[in-house]
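Peer 1:
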Amino acid sequence: MPDLSALSGYPPELFRQVESLLSQPDGLSSRLLDRYPHAHGLRSDRQLYDFVEQVRARHLRSAGRIAKVVYDSKVQLAYQALGLHVRSTKVHGAQLKARHDIRIAALFRDAPLPFLSMIVVHELAHLRHPDHDRAFYQLCAHMEPDYHQIELDVRLYLTHLAAGGGPLWRAWPEGVPASSKAD
Ligand SMILES: [Zn+2]
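Counted the way the numbering used here counts, the sequence shown spans residues 1 to 183.
#1: Using the rule of at least 16 other Cβ atoms within 10 Å of the residue's Cβ for burial, across every protein chain shown, is PRO25 buried or exposed?
#2: Bridge partners for HIS148 per DSSP, in chain order?
#3: Let me check you understand the geometry: is the CB of HIS246 closer than 7 Å to at least one non-hydrogen atom of ligand 1?
#4: Determine the DSSP secondary structure at SER88, reduced to helix, strand or coil.
#5: If you draw a straight line from the C-alpha of CYS140 to the C-alpha of ALA125, how long is it?
#6: Taking 8 Å as the limit between beta carbons, can you name the residues of its chain near VAL55, skipping five residues before and five after?
#7: For TRP169, collect the residues of the same chain with a Cβ closer than 8 Å to its Cβ; drop the 5 residues on either side in sequence, then sort them by chain order.
#8: Would you decide whether GLU151 is buried or exposed? Buried here means 16 or more other CB atoms lie within 10 Å of its CB.
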């Protein structure tokens, strides 16, 4: 039995479809690659930060800048999450200032742009809505109209990896982009 835990909450018909795709060689991976042929190439934390700030400035201008955004390989292992939004409060003279950091699971570094956009929109929506309620998902879908389809496809990719499949979007051969490693 394949590990379908990334798809918990989806309907049983989907489980049957995914099992059938997994039983064919490259069934699931070719479906994902057909839909998302290219990696986004935003591999450094600097590029990631600029992307997040662009999305925030477009949709959540009044929320204020995000202090820090990084790819983090511990997010998935230690927190069983794809992204984390960390809110902290700093004393600034007589004022308390809220600070927001976002950590994105390292898996999104070598991934198509819609995958990155989905998780970024998710973490940004937490600036307004702490819980995964209706208003939260409405905001996600406002920022990324394909939010629900992309989330499903991200979960299909996790299922592909859990079944022992290799990464599908390796952007660079190991060691090539020295500049993206500097920051
Ligand atoms: Zn969340």
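Where a beta carbon is used, it is the ideal one built from N, C-alpha and C, also for glycine.
Peer 2: The answer reads as follows:
#1: Residue numbering aside, residue 25 sits at position 25 when the sequence shown is read from its first letter. PRO25 is exposed by the Cβ-count criterion.
#2: Taking the first residue of the sequence shown as 1, we reach residue 148 at position 148. Beta-bridge pairing links HIS148 to no other residue.
#3: The requested residue 246 is not part of the displayed model; the chain covers only 1 to 183.
#4: Numbered from 1 along the sequence shown, position 88 holds the residue referred to as residue 88. Residue state, collapsed to three classes: strand.
#5: Within the sequence shown, residue 140 is the residue found at index 140, counting from 1. Within the sequence shown, residue 125 is the residue found at index 125, counting from 1. The C-alpha of ALA125 is placed about 6 Å away from the C-alpha of CYS140.
#6: In the sequence shown, the residue the question calls residue 55 occupies position 55. Here the set comprises SER117, VAL120, VAL121, LEU124, MET143.
#7: Walking along the sequence shown from the start, residue 169 turns up at place 169. Taken in chain order, the residues that qualify are TYR36, HIS38, ALA39, ASP110, ALA111, PRO112.
#8: In the sequence shown, the residue the question calls residue 151 occupies position 151. Counting Cβ neighbours within 10 Å, GLU151 comes out buried, since at least 16 surround it.
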